[in-house]
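Protein chains in written order, with numbering that gives the first Met the number 0: chain V, 0 to 213; chain L, 0 to 213; chain W, 0 to 213; chain Z, 0 to 213.
Even glycine gets a Cβ: it sits at the ideal position worked out from N, Cα and C.
Bear in mind that the values here come from a model prediction, so they are computed numbers and not experimental data.
Taking it in order: structure first as structure tokens, then the write-up.
4 protein chains.
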Amino acid sequence: MDSRGSGFKPPFPSLSVPPDPVRGSEGPRRENHFVSDFTDVDTEETWLSDDDLATVRERVPMVYVDAVPVRVDSIGEVTHIGLLLRAMADGTISRALVTGRVVFGERIRHALLRHLEKDLGPMALPRLPANPTPFTVAEYFPDPTISGYHDPRQHAVSLAYIVPIDGEASPAADALDLAWVTPEEAMSVQVIAEMTGGHDRLLRLALGHTGQLP
Amino acid sequence: MDSRGSGFKPPFPSLSVPPDPVRGSEGPRRENHFVSDFTDVDTEETWLSDDDLATVRERVPMVYVDAVPVRVDSIGEVTHIGLLLRAMADGTISRALVTGRVVFGERIRHALLRHLEKDLGPMALPRLPANPTPFTVAEYFPDPTISGYHDPRQHAVSLAYIVPIDGEASPAADALDLAWVTPEEAMSVQVIAEMTGGHDRLLRLALGHTGQLP
Amino acid sequence: MDSRGSGFKPPFPSLSVPPDPVRGSEGPRRENHFVSDFTDVDTEETWLSDDDLATVRERVPMVYVDAVPVRVDSIGEVTHIGLLLRAMADGTISRALVTGRVVFGERIRHALLRHLEKDLGPMALPRLPANPTPFTVAEYFPDPTISGYHDPRQHAVSLAYIVPIDGEASPAADALDLAWVTPEEAMSVQVIAEMTGGHDRLLRLALGHTGQLP
Amino acid sequence: MDSRGSGFKPPFPSLSVPPDPVRGSEGPRRENHFVSDFTDVDTEETWLSDDDLATVRERVPMVYVDAVPVRVDSIGEVTHIGLLLRAMADGTISRALVTGRVVFGERIRHALLRHLEKDLGPMALPRLPANPTPFTVAEYFPDPTISGYHDPRQHAVSLAYIVPIDGEASPAADALDLAWVTPEEAMSVQVIAEMTGGHDRLLRLALGHTGQLP
Numbered sequence: 000m001d002s003r004g005s006g007f008k009p010p011f012p013s014l015s016v017p018p019d020p021v022r023g024s025e026g027p028r029r030e031n032h033f034v035s036d037f038t039d040v041d042t043e044e045t046w047l048s049d050d051d052l053a054t055v056r057e058r059v060p061m062v063y064v065d066a067v068p069v070r071v072d073s074i075g076e077v078t079h080i081g082l083l084l085r086a087m088a089d090g091t092i093s094r095a096l097v098t099g100r101v102v103f104g105e106r107i108r109h110a111l112l113r114h115l116e117k118d119l120g121p122m123a124l125p126r127l128p129a130n131p132t133p134f135t136v137a138e139y140f141p142d143p144t145i146s147g148y149h150d151p152r153q154h155a156v157s158l159a160y161i162v163p164i165d166g167e168a169s170p171a172a173d174a175l176d177l178a179w180v181t182p183e184e185a186m187s188v189q190v191i192a193e194m195t196g197g198h199d200r201l202l203r204l205a206l207g208h209t210g211q212l213p
Numbered sequence: 000m001d002s003r004g005s006g007f008k009p010p011f012p013s014l015s016v017p018p019d020p021v022r023g024s025e026g027p028r029r030e031n032h033f034v035s036d037f038t039d040v041d042t043e044e045t046w047l048s049d050d051d052l053a054t055v056r057e058r059v060p061m062v063y064v065d066a067v068p069v070r071v072d073s074i075g076e077v078t079h080i081g082l083l084l085r086a087m088a089d090g091t092i093s094r095a096l097v098t099g100r101v102v103f104g105e106r107i108r109h110a111l112l113r114h115l116e117k118d119l120g121p122m123a124l125p126r127l128p129a130n131p132t133p134f135t136v137a138e139y140f141p142d143p144t145i146s147g148y149h150d151p152r153q154h155a156v157s158l159a160y161i162v163p164i165d166g167e168a169s170p171a172a173d174a175l176d177l178a179w180v181t182p183e184e185a186m187s188v189q190v191i192a193e194m195t196g197g198h199d200r201l202l203r204l205a206l207g208h209t210g211q212l213p
Numbered sequence: 000m001d002s003r004g005s006g007f008k009p010p011f012p013s014l015s016v017p018p019d020p021v022r023g024s025e026g027p028r029r030e031n032h033f034v035s036d037f038t039d040v041d042t043e044e045t046w047l048s049d050d051d052l053a054t055v056r057e058r059v060p061m062v063y064v065d066a067v068p069v070r071v072d073s074i075g076e077v078t079h080i081g082l083l084l085r086a087m088a089d090g091t092i093s094r095a096l097v098t099g100r101v102v103f104g105e106r107i108r109h110a111l112l113r114h115l116e117k118d119l120g121p122m123a124l125p126r127l128p129a130n131p132t133p134f135t136v137a138e139y140f141p142d143p144t145i146s147g148y149h150d151p152r153q154h155a156v157s158l159a160y161i162v163p164i165d166g167e168a169s170p171a172a173d174a175l176d177l178a179w180v181t182p183e184e185a186m187s188v189q190v191i192a193e194m195t196g197g198h199d200r201l202l203r204l205a206l207g208h209t210g211q212l213p
Numbered sequence: 000m001d002s003r004g005s006g007f008k009p010p011f012p013s014l015s016v017p018p019d020p021v022r023g024s025e026g027p028r029r030e031n032h033f034v035s036d037f038t039d040v041d042t043e044e045t046w047l048s049d050d051d052l053a054t055v056r057e058r059v060p061m062v063y064v065d066a067v068p069v070r071v072d073s074i075g076e077v078t079h080i081g082l083l084l085r086a087m088a089d090g091t092i093s094r095a096l097v098t099g100r101v102v103f104g105e106r107i108r109h110a111l112l113r114h115l116e117k118d119l120g121p122m123a124l125p126r127l128p129a130n131p132t133p134f135t136v137a138e139y140f141p142d143p144t145i146s147g148y149h150d151p152r153q154h155a156v157s158l159a160y161i162v163p164i165d166g167e168a169s170p171a172a173d174a175l176d177l178a179w180v181t182p183e184e185a186m187s188v189q190v191i192a193e194m195t196g197g198h199d200r201l202l203r204l205a206l207g208h209t210g211q212l213p
């Protein structure tokens, strides 16, 4: 049976999916449906049953993107960073960056735009960088001691970008809030304490990359 | 049984695996065995049966690394680029960069070092960059028209690095030859014609990144 | 006498300045007057007589910025590059990137914006990058054989940036024309032949940096 | 006569030079003599009298390089950072990075190597990066409030590089000590308090660039 191509059928029935863990922006429950219209991804092919996703997550690293939404002034300097507030599946509420999976057949730029639109709403205008190189690569592991980036669900290799946002951003999808904080505020003990999984560190690296680290 | 390479035998019988396609450095038949000792990868977890690998390749993008091996002089300028010569499964013989998959639980640096050792031999001393950011990200698709990078087997997101090599490099694994060419030679019509899958373009971007593009 | 600070007077009278050579965007004749209003540069301090500028040019490397103006689409990919057409002092007419000197006390971001406004007009909206790191550093020497970048007037160290342009750009200052060409056109033999001083190479490196080099 | 260094004699008598200010690695008194043999700089052209240097420093930004010397392990990760201890002309003793001016006609790579050799001694083997792009650009101003980088003598635009060091480094020139500290130690309050002019911040950005910022 050739399962590749248009006629693809998930090989196993999707049964009892366990509740989705931390990093709520992109979990099994949402896996099956959301691909925004402007991407040219074939949704048939990217459809993964929850079981399938659980299966591959145990076998190979997943490709992710992280985006640090920023406001910049007329000379390009970062004035504010956008932090989402999310109710995580483990019961905590955390500040988080925009993050999400790259699906099969999807270009990184499309994945970035898709997740930014999903989280910041349709009125936000992300200015994707002309350069495809991330400012850093975050390696998330189930074991939090390996790299400092932690994802209990999986091994994820995430390409991290700084994305200036024009237009009106508003918390979308399952975000409870979107707060724009200054670089100084972003480095405060309070904000850092509200971030999990290494997102506080990713934010420090982003501010370093823009020369804004105090 | 054709096991490609010197005396290699897969630890488990290879059953209904379809013949391995292009980019011979890392194919299904070799998936089960090679994790070099110096990496701290749990080999139990990274073992993928050929069927499993085929299954996940149809569902998610795979994480890869590409390495451009270079010789540098005392002021750090690239004097030579190392190009492998490989017999590809499709019958062609092509010049290629070092490339390979990042396995579950493996850090990118370990994957880079593992594939460099596998292809350049144990006497080569790769100088991995202190900066984890790749010089570019190559998105390989089964459809060659999407990004200019082509892999008939899979959708692979490859982090590409320039790696200065000290010591004595010699073609290992299933490489037929290792040639050190100058940046000018690397840009010649002849060399470009011998590269497939977008590796010629990756090489141009690498030379641009080092300021060596003519 | 303390000549530093507010009461600064140029030590030598400004006499017979020879006509300004190649790279017309920024020559002695314009040195004394142009600092756009939005920069916070103290024009008193940056005032250099033509003789003074000639004197320092023989003694130290000058700090420059080069900008590659681009149009990008909604996913951030470069669709067009803006090339100026200039009458050079040596009598030639060449395609050129935006380029200019960083003056004493001026931040690099302000210099970039100043030269972009000067060359592309007040209706252009440059989107300066959040990251202060240039995509490459071009070292211009009076001797064209040293680095491939050539400026007969001086040794200049130029930080080169890719700058997406919104709004309406129109040739300003002494530019004769502004043409938007595609990446493919920019790599054509014809366009390359119209560029001097290494600007064609800088353009190739810029396209490599954005992953657009064919 | 204090000529500092082995048997060096300045070609011209040093007259009424005011005492050299902060950032002792490269001050007026040393301006006339040091160009190491392996660089192809024309020393005739790069000789600047102290008066000339003082004159140009008031008129144009100076081109500098900053280097963060590091020790890396077999996978390229930074394990230690080399910090110099210097007696500054203002009477303080500070921890400092390697820093120095790029002279007329000198390539950046040669300047980097020259200053690294001058400060770390002839037995150190700096591994200059293949990529000419700095990890950040530090803009030093006489006014410490503009950019966070401060040099009372001048406006300097400094290209900052991370340079792995092999071989045996030992404090040379006028450094009192060379200490190798871990990334954690480098971020300690004590070490930060011992750095001036913004070098502590430059160090944080370097650690961010290598993904080592805690």
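Within 9 Å (strictly less), CB to CB, does Glu76/L reach chain Z? As a first step, residue 76/L is located in the second sequence; it is residue number 77 there, counting from the start. Closer than 9 Å to some Cβ of chain Z, the Cβ of Glu76/L qualifies, so yes.
Could you check whether the Cβ of Val239/V sits closer than 9 Å to any Cβ belonging to chain L? Because chain V in this structure spans residues 0 to 213, residue 239/V falls outside the shown range and cannot be described.
Counting only Cβ pairs nearer than 7 Å, list the residues of chain V close to His154/Z. Looking up residue 154/Z in the fourth sequence gives position 155. Chain V residues near His154/Z: none, gap ~17 Å exceeds 7 Å.
Cutoff 9 Å: Ser157/L Cβ touching any chain Z Cβ: By 1-based counting over the second sequence, the position of residue 157/L is 158. It does not; no Cβ of chain Z falls within 9 Å.
Going by alpha carbons, who is nearest to Val156/Z out of Thr54/Z, Asp49/Z, Val62/Z? As a first step, residue 156/Z is located in the fourth sequence; it is residue number 157 there, counting from the start. Shortest Cα-Cα distance from Val156/Z to any of Thr54/Z, Asp49/Z, Val62/Z involves Val62/Z.
Taking the beta carbon of Glu167/V as the centre, do at least 16 other beta carbons fall within 10 Å, making it buried, or is it exposed? Position 168 of the first sequence holds residue 167/V. Exposed, because fewer than 16 other Cβ atoms sit within 10 Å of the Cβ of Glu167/V.
Nearest to His109/W by CA position, among Ser93/W, Pro128/W, Ile92/W, Leu96/W, is which residue? By 1-based counting over the third sequence, the position of residue 109/W is 110. Distances from the CA of His109/W to each of Ser93/W, Pro128/W, Ile92/W, Leu96/W were compared; the closest alpha carbon is that of Pro128/W.
Strictly below 7 Å CB to CB, what residues from chain L border Thr135/W? Position 136 of the third sequence, counting from 1, holds the residue named residue 135/W. Under the 7 Å cutoff, chain L gives Gly210.
Name the chain V residues that come within less than 9 Å of Val59/W, Cβ to Cβ? Walking along the third sequence from the start, residue 59/W turns up at place 60. Correct list: empty, because the minimum Cβ distance to chain V is about 25 Å.
Quick check on DSSP: helix, strand or coil for Ala66/Z? The residue you call residue 66/Z lines up with position 67 of the fourth sequence. When secondary structure is reduced to three states using DSSP, Ala66/Z falls in the strand class.
Taking Ala95/Z as the reference, give the member of Pro68/Z, Glu183/Z, Pro121/Z, Ile74/Z with the closest Cα. Counted from its first residue, the fourth sequence places residue 95/Z at position 96. Per the Cα distances, Pro68/Z.
Leu52/W versus Val180/Z - alpha carbon distance: Numbered from its first residue, the third sequence carries residue 52/W at position 53. Numbered from its first residue, the fourth sequence carries residue 180/Z at position 181. Cα-Cα distance, rounded: 44 Å.
Kindly identify the DSSP beta-bridge partner or partners of Ile191/V. Mapped onto the first sequence, residue 191/V falls at position 192. Per DSSP, none; premise fails for Ile191/V.
Output, in chain order, the set of chain L residues within a Cβ distance shorter than 8 Å of Pro161/Z. Here the question's residue 161/Z lines up with position 162 in the fourth sequence. Contrary to the premise, residue 161/Z reads as Ile rather than Pro in this sequence. Chain-order list of chain L residues neighbouring Ile161/Z: Ala129, Asn130, by C-beta distance under 8 Å.
Quick one: is Glu105/Z near chain W, going by C-beta distance under 9 Å? In the fourth sequence, the residue the question calls residue 105/Z occupies position 106. Yes, Glu105/Z counts as interfacial toward chain W.
Compare the C-beta of Pro20/Z with all C-beta atoms of chain W and state if any pair is closer than 9 Å. If you number the fourth sequence from 1, residue 20/Z lands on position 21. With a pLDDT of 36 at Pro20/Z, under the threshold of 50, the modelled position of this residue cannot be trusted, and the question is left open.
Chain L contact residues for Val69/Z, given Cβ-Cβ distances below 7 Å: The residue you call residue 69/Z lines up with position 70 of the fourth sequence. Within chain L, the residues Ala129 have their CB atoms less than 7 Å from the CB of Val69/Z, given in chain order.
Could you tell me which residues DSSP puts in a beta bridge with Phe217/V? What is shown of chain V runs 0 to 213, which leaves residue 217/V out entirely.
Excluding the five sequence neighbours on either side, which residues of its own chain have a C-beta within less than 8 Å of the C-beta of Pro121/Z, listed in chain order? Against the fourth sequence, residue 121/Z aligns to sequence position 122. Closer than 8 Å at the Cβ level, and outside the excluded window around Pro121/Z, lie Ala171.
From the DSSP output, read off the bridge partner residues of His79/W. For the purposes of this step, residue 79/W is identified with residue 80 of the third sequence, where counting begins at 1. Partner residues in the beta bridge of His79/W, as assigned by DSSP, are Arg70/W.
If contacts are defined as beta-carbon pairs under 8 Å, then Ile164/Z and Ala123/Z qualify, I think. What distance do you get, rounded to the angstrom? Counting from one through the fourth sequence, the residue named residue 164/Z turns up at place 165. Counting from one through the fourth sequence, the residue named residue 123/Z turns up at place 124. The pair is a contact, with the Cβ atoms about 5 Å apart (cut-off 8 Å).
How about Glu206/Z: is its C-beta nearer than 9 Å to some C-beta of chain V? Along the fourth sequence, one-based indexing puts residue 206/Z at 207. In the sequence on display, residue 206/Z carries Leu and not Glu. For Leu206/Z, the answer is yes, since a Cβ of chain V falls inside 9 Å of its Cβ.
What residue from Tyr160/L, Pro131/L, Asp118/L has the CA that sits closest to Ala205/L's CA? For the purposes of this step, residue 205/L is taken as the residue at position 206 of the second sequence. Considering only alpha carbons, the answer is Tyr160/L.
Every unbroken beta strand (DSSP E) within the segment 102–165 of chain Z, with a cutoff of 3 residues, ordered by chain: Taken in chain order, the complete beta strand (DSSP E) segments of 3 or more residues contained in the segment 102–165 of chain Z are 123–125, 135–140.
In whole angstroms, what is the alpha-carbon distance linking Arg106/W and Arg152/V? Within the third sequence, residue 106/W is the residue found at index 107, counting from 1. Within the first sequence, residue 152/V is the residue found at index 153, counting from 1. In a straight line, the C-alpha of Arg106/W is about 45 Å away from that of Arg152/V.
Is there a Cβ of chain W sitting closer than 9 Å to that of His109/V, yes or no? As a first step, residue 109/V is located in the first sequence; it is residue number 110 there, counting from the start. Judged by the 9 Å Cβ criterion, His109/V is in contact with chain W.
Taking Leu82/L as the query, report the chain Z residues whose CB atoms sit under 7 Å from its CB, ordered along the chain. Along the second sequence, one-based indexing puts residue 82/L at 83. Per Cβ cutoff of 7 Å: no residues; Leu82/L is ~17 Å from chain Z at best.
Candidates Asp199/L, Leu84/L, Gly104/L, His79/L: closest to Asp150/V by CA position: For the purposes of this step, residue 150/V is taken as residue 151 along the first sequence, with counting starting at 1. Minimum Cα distance to Asp150/V is reached at Gly104/L.
Among residues of its own chain, excluding the 5 on either side of Glu193/W, which ones have a beta-carbon nearer than 7 Å to its beta-carbon? Walking along the third sequence from the start, residue 193/W turns up at place 194. Here the set comprises Ser93, Arg94.
With a threshold of 8 Å on Cβ separation, who are the neighbours of Arg22/W within its own chain once the five nearest residues in sequence on each side are excluded? Here residue 22/W is taken as the residue at index 23 of the third sequence, counted from 1. Unreliable positioning characterises Arg22/W in this predicted model, as indicated by a pLDDT of 35, which lies under 50. A coordinate reading is not provided.
For Asp118/W versus Ala174/W, is the C-beta distance shorter than 9 Å? Looking up residue 118/W in the third sequence gives position 119. Looking up residue 174/W in the third sequence gives position 175. Contact flag set, yes.
Opposing strand residues paired with Ser169/V [DSSP bridges]: By 1-based counting over the first sequence, the position of residue 169/V is 170. As DSSP reads the structure, Ser169/V sits in no beta bridge.
Around the C-beta of Pro213/W, are 16 or more other C-beta atoms found within 10 angstroms, so that it is buried, or is it exposed? Counted from its first residue, the third sequence places residue 213/W at position 214. Taking every protein chain shown into account, the CB of Pro213/W has fewer than 16 other CB atoms within 10 angstroms, so this residue is exposed.
Beta-carbon neighbours of Arg113/Z, restricted to chain V and to distances below 8 Å: Within the fourth sequence, residue 113/Z is the residue found at index 114, counting from 1. Neighbours of Arg113/Z on chain V: none; closest Cβ ~26 Å, over 8 Å.
Would you say Asp51/V reaches chain L, if we count a Cβ-Cβ gap shorter than 9 Å as a contact? The sequence position of residue 51/V within the first sequence is 52, counting from 1. Taking a beta-carbon distance threshold of 9 Å, Asp51/V counts as an interface residue toward chain L.
Please confirm if Arg126/Z has its CB atom under 9 Å from at least one CB of chain L. Within the fourth sequence, the letter at position 127 stands for residue 126/Z. Closer than 9 Å to some Cβ of chain L, the Cβ of Arg126/Z qualifies, so yes.
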